[in-house]
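Numbering (the UniProt record's numbering), first residue to last: 1 to 135.
Don't be surprised by glycine CBs; every beta carbon is placed ideally from N, CA and C.
Below: the structure, in structure tokens.
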Amino acid sequence: MQSLCASRTVGVASRPSATAVAVLPRPVVLCRSTQPNVDTLPPPPPPPPPPPPRPPTATPWYKPSRRDFIVAGLGSIIGGGAMYIYDTFLIDDLVDVLEEAEDDLDMAEEYVSRMANVPTMADLEKNDSAPPAAK
């Protein structure tokens, strides 16, 4: 076999001519199969059985219809309106009555305190915020 390397003595690479290169036969690689013969293999095992079916889910005792949803929506609108009216008119009136009753109690307390010469809560709160007197 001819070398394609540079000559050691000259130091210049030289190419072989086309006539000098001989075509070598390719080596044949013989491989022995390590796989067993498919025809002699036993059949594969059967697949596992499928899992058992799921138990039936409990269906609701009542399945709402479209009419039920419409009625529920209208009921919530009507109920919301009723609560608004109740809150706006009745509860506000009750709050006003309670505030008037508190005012009446404050006036009665002040009247009784003046008659008995007892300090009122307002007087006591004023005294609490005042600096302590020197003894």
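Can you tell me where the alpha helix (DSSP H) with residue i in it begins and where it stops?
i       : result
Asp-39  : It is not in any alpha helix (DSSP H) - Asp-39 carries neither H nor E in the DSSP assignment.
Arg-54  : Where Arg-54 is concerned, there is no enclosing alpha helix (DSSP H), given that its DSSP letter is neither H nor E.
Phe-69  : 66-85
Leu-105 : 92-116
Lys-126 : 121-129
Please decide whether residue i counts as near chain B, where near means a Cβ-Cβ distance under 8 Å.
i       : result
Asp-104 : Here chain B cannot be found, since the structure has a single protein chain.
How many angstroms separate the CA atom of residue i from the CA atom of residue j?
i       : j       : result
Met-115 : Glu-109 : 10 Å
Ile-85  : Glu-100 : 22 Å
Ser-113 : Asp-92  : 31 Å
Thr-88  : Arg-54  : 55 Å
Gly-79  : Arg-66  : 20 Å
Pro-27  : Pro-50  : 54 Å
By Cβ distance below 8 Å, which residues in the same chain neighbour residue i in space, the five residues on each side in sequence not counted?
i       : result
Asn-127 : Pro-119
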